[in-house]
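Following: one structure in structure tokens, then a few remarks.
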Amino acid sequence: MKVLIPSPLLSYTRRSEVEAEGGTLSEVLADLDRRYPGLRFRVVNEQDQMRPHMRFFVNGEQVFDLERALRPTDAVQLVQALSGG
Amino acid sequence: MDVTRKLAAGLKKRKAATERAPRRGAQGRVLVLVATRKGAWLYHGDARRRTWRVDGPHFLGHIISHVVLDPRDGRTLLAAAKTGHLGPTVFRSMDFGRTWKEAARPPAFAKAPEGEKGRVVDHTFWLTPGHASEPKAWYAGTSPQGLFRSEDGGVNWEPVSGLNDHPRYRAWMGGEQDGTPDGPKLHSVIVDPRDAAHLYMAMSSGGVHESTDAGRSWAPLVRGMEVVEGFDPANVGFHDPHCVRLCPSNPDRLYQQNHCGIYRLDRPSSEWTRIGRNMPRRVGDIGFPMAVHPRDEDTAWVFPMDGTTVWPRTSPGGMPSVYVTRNGGKRWQRLASGFPESQAWWTVKRQAMCVDTLDPVGLYFGTTSGELWGSRDEGERWTCLARNLPEIYAVEAVELA
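As they're listed, the protein sequences go chains B and A. Numbering follows numbering that gives the first Met the number 0, with no gaps: position 51 of the first sequence is 50. Numbering follows numbering that gives the first Met the number 0, with no gaps: position 244 of the second sequence is 243.
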């Protein structure tokens with residue numbers, strides 16, 4: 000499926016739109032980490048929780064559960080909510 | 000992730016740590032590693048430490064807590080990094096920052112059992128190369144307090160369970176709300192140069208601790224240290240060491256800048272002496288960094304800050320000074336030649352003051368207002384090496400052959 004990548008992670012993917020596979024958001028992140036090593040830990044912590052300010056959208060809807068089931072036609076978007084200076 | 004940077008030309012292998020330090024007039028070149036809230040900069044000194052060539056920024060926009068060169072091979076650089084919003088990681092360079100490669104497994108706490116709340120590394124705060132007999136070993140201290148070890152040069156990091164899972168962990172370290180404003184820290188990881196299994200580390204908060212079995216077990220080392228008035232010094236969790244340094248010329252001597260004073264410890268004693276009592280009363284003995292002479296156990300430097308009223312932690316009276324002792328803390332002398340004489344409200348963080356190993360010793364520090372200062376004569380005269388940098392978190396100086 001198509002995954003949109005925020006600018007802070009382009010150092011890993013080099014592209015703002017990449018392909019990844021998985022039946023859940025968690026599996027998609029694991030696949031992204033296989034393709035782009037190190038990416039997952041920057042957005043999900045060691046307790047498998049989304050890091051603060053990282054947001055995940057599926058077909059435009061915000062998702063908080065990494066085990067949320069996905070279909071191959073879904074569009075996933077990783078968003079970083081910037082704050083501070 | 001690879002980040003390409005300009006190659007620092009002409010750099011050769013650094014002398015081994017055990018080799019005799021160069022005497023006066025030696026031609027060693029100093030590399031100063033500056034970590035800031037918005038990236039890292041490397042300053043290459045000329046042979047006389049008069050002019051400095053800047054290489055940077057590296058990791059512009061990343062929060063860099065520490066950049067350290069491995070003294071064992073003289074060329075491996077590790078950088079502790081995160082951004083305001085991405086998780087923490089460690090980068091490694093084998094070519095003085097021309098290229099950087101991310102750790103495969105950065106420091107991270109063990110996954111908690113189902114239903115339990117696990118700890119999360121917010122950032123790696125401190126990096127220490129391992130013992131000379133363990134050429135690939137590194138230690139990392141994190142926020143919140145955690146100790147991690149790499150045995151492959153900083154590529155893969157594992158929790159040091161003897162500390163991170165210690166039954167007294169919560170009693171020593173308190174909650175995450177009890178630490179410094181950007182999180183409680185484990186810092187000052189020290190490896191005894193005579194014994195790879197003999198370690199010290201300190202925590203803000205959580206006291207100073209010692210291990211004699213390579214981190215499998217730990218014992219507090221806080222006797223003689225004071226705590227904020229009204230609290231019980233017998234409670235390890237109330238102790239807030241800011242920076243601990245071991246004297247290279249006498250590994251049985253430690254100096255410490257604490258939230259509550261300046262201390263010295265001479266092993267095998269386990270009782271710290273508050274040598275900061277000998278500082279001028281109007282200046283006090285509050286601060287963050289501590290630096291020790293590479294060849295003289297009686298010489299150490301501090302950067303006093305205002306610990307009165309609401310604890311501004313800026314140079315007392317707006318008059319920056321470094322203080323030196325040359326007799327183990329019996330007397331202190333003010334060193335301020337070259338500094339502004341007034342209206343300079345500097346703060347220097349615990350990792351942001353250091354020495355080189357030349358003779359005379361060079362001193363370096365960075366301020367939270369983004370100025371890098373240096374002295375080529377053990378603090379007698381000071382020069383501003385760089386200004387307009389982001390908030391400086393750490394300064395390390397290494398000598399290149």
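All C-beta atoms in this analysis are idealised placements derived from N, C-alpha and C, irrespective of residue type, glycine included.
Which residues in the same chain as residue i place their Cβ atom closer than 8 Å to its Cβ, once the five residues preceding and following it in sequence are excluded?
i, result
"L384 of chain A", "V31, Y42, W51, Y363, L371, W372, G373"
"C197 of chain A", "The question names Cys, yet the displayed sequence has His at residue 197 of chain A. Taken in chain order, the residues that qualify are V190, D191, E209, S210, T211."
"R23 of chain A", "Bear in mind that a pLDDT of 45 at R23 of chain A, under 50, signals an unreliable position, so the number given afterwards is only what the model happens to contain. Closer than 8 Å at Cβ, skipping near neighbours: D358, P359."
"D73 of chain B", "M0, V57, N58"
"K329 of chain A", "I274, N277"
"T23 of chain B", "L65, E66, R67, A68, L69"
"A25 of chain A", "Note on A25 of chain A: pLDDT 47, under 50, position unreliable in the model; no value is reported."
If contacts are defined as beta-carbon pairs under 8 Å, then residue i and residue j qualify, I think. What distance do you get, rounded to the angstrom?
i, j, result
"V321 of chain A", "L334 of chain A", "5 Å"
"L162 of chain A", "W99 of chain A", "28 Å between Cβ atoms; not a contact."
"R118 of chain A", "A102 of chain A", "Their Cβ separation, rounded to whole angstroms, is 19 Å, which puts R118 of chain A and A102 of chain A out of contact at 8 Å."
"V57 of chain B", "L69 of chain B", "7 Å"
"Q255 of chain A", "P288 of chain A", "Q255 of chain A to P288 of chain A, Cβ: 11 Å. No contact."
"A170 of chain A", "V89 of chain A", "About 29 Å separates the two Cβ atoms, so there is no contact after all."
"Y392 of chain A", "S64 of chain A", "5 Å"
"H302 of chain A", "V347 of chain A", "Note that residue 302 of chain A is Phe in the sequence shown here, rather than His. Confirmed, about 5 Å."
"I62 of chain A", "G96 of chain A", "Their Cβ separation, rounded to whole angstroms, is 17 Å, which puts I62 of chain A and G96 of chain A out of contact at 8 Å."
"F147 of chain A", "P106 of chain A", "4 Å"
"K110 of chain A", "E45 of chain B", "6 Å"
"P319 of chain A", "W345 of chain A", "5 Å"
Within the same chain, show all residues whose beta-carbon is closer than 6 Å to that of residue i, passing over the 5 residues directly before and after it, in chain order.
i, result
"K184 of chain A", "F124, S142, S203"
"V323 of chain A", "W300, Q332, L334, G378"
"R273 of chain A", "G260, Y262"
"Y35 of chain B", "Y11, T12"
"N326 of chain A", "D297"
"A195 of chain A", "H130, S132, E133"
"G286 of chain A", "Q256, V301, F302, P303, M304"
Residues in the same chain with beta-carbon distance under 7 Å from residue i, minus the five sequence neighbours each way, listed in chain order, please.
i, result
"L9 of chain B", "S15"
"P5 of chain B", "L77, V78, Q79"
"G369 of chain A", "R386, N387, L388, P389, E390, I391"
"D265 of chain A", "D251, R252"
Among the candidates the options, whose CA atom is the shortest distance from the CA of residue i?
i, options, result
"G206 of chain A", "A:R36, A:V221, A:G327", "A:V221"
"E395 of chain A", "A:L76, A:K37, A:A46", "A:L76"
"S336 of chain A", "A:D358, A:W345, A:T382", "A:T382"
"P166 of chain A", "A:R375, A:C242, A:R215, A:F147", "A:R215"
"T151 of chain A", "A:A111, A:V120, A:R104", "Checking the displayed sequence, the identity of residue 151 of chain A turns out to be Asp instead of Thr. The residue with the shortest Cα to Cα distance from D151 of chain A is A:R104."
"P70 of chain A", "A:Q256, A:P240, A:M93", "A:M93"
"A78 of chain A", "A:L85, A:V66, A:M318, A:P87", "A:V66"
"R408 of chain A", "A:T356, A:V291, A:A343, A:V360", "Because chain A here runs from 0 to 400, residue 408 of chain A falls outside it and cannot be looked at."
"H241 of chain A", "A:K81, A:M224, A:G44, A:D297", "A:M224"
"G44 of chain A", "A:K37, A:R36, A:V53", "A:V53"
"L388 of chain A", "A:H61, A:Y138, A:G365", "A:G365"
"W137 of chain A", "A:P232, A:V188, A:W171", "A:V188"
"G173 of chain A", "A:D239, A:S149, A:E157, A:D121", "A:D239"
"S82 of chain B", "B:P71, B:M53, B:G21, B:M49", "B:M53"
"P247 of chain A", "A:R375, A:Y199, A:V291", "A:V291"
"T35 of chain A", "A:R349, A:G361, A:W271", "A:R349"
"G60 of chain A", "A:E157, A:G114, A:K81", "A:K81"
"D295 of chain A", "A:P315, A:G317, A:R252, A:P319", "A:R252"
"R280 of chain A", "A:G306, A:E270, A:P293, A:G38", "A:G306"
"S269 of chain A", "A:G229, A:P219, A:G286, A:S341", "A:P219"
"D164 of chain A", "A:T356, A:G182, A:Q144, A:R74", "A:Q144"
Bridge partners of residue i, per DSSP?
i, result
"W171 of chain A", "W171 of chain A is not bridged to any residue."
"G38 of chain A", "A:T35"
"W372 of chain A", "A:F364, A:C383"
"W137 of chain A", "A:P128, A:S149"
"V282 of chain A", "The partner list for V282 of chain A (beta bridge, DSSP) is empty, contrary to what the question assumes."
"E398 of chain A", "A:V29"
"H403 of chain A", "What the structure shows of chain A is the stretch from 0 to 400, and residue 403 of chain A is not part of that stretch, so it cannot be assessed."
"M49 of chain B", "B:V43"
"Q76 of chain B", "B:L3, B:F56"
"E26 of chain B", "Partner(s): none; E26 of chain B has no beta bridge."
"H186 of chain A", "A:A201"
"H65 of chain A", "A:A79"
"D265 of chain A", "A:R252"
"R276 of chain A", "DSSP, once it has assigned bridges, lists no residue as partnering R276 of chain A."
"Y322 of chain A", "A:V301, A:R333"
Quick one: which chain C residues come within Cβ less than 8 Å of residue i?
i, result
"Q79 of chain B", "The structure shown contains no chain C; its protein chains are B and A."
_Residues, ordered as in the chain, of the region 202–219 of chain A that lie near chain B by beta-carbon distance below 9 Å_ = none
*Contact list for the region 81–100 of chain A against chain B, Cβ threshold 9 Å*: K81, T82, G83, H84, L85, G86, P87, T88
*May I ask you to list, following chain order, the residues of the region 103–116 of chain A that have a beta carbon less than 9 Å from some beta carbon of chain B?*
A103, R104, P105, A107, F108, A109, K110, A111, K116
*Between the region 151–172 of chain A and chain B, which residues of the former have CB atoms less than 9 Å from a CB of the latter, in chain order?*
none
*Identify each residue in the region 45–59 of chain B for which the Cβ-Cβ distance to at least one residue of chain A is less than 9 Å, and report them in chain order.*
E45, Q46, D47, Q48, R50, P51, H52, M53
*Mind checking the region 10–35 of chain B against chain A and listing, in chain order, the residues whose C-beta falls within less than 7 Å of any C-beta there?*
S10, Y11
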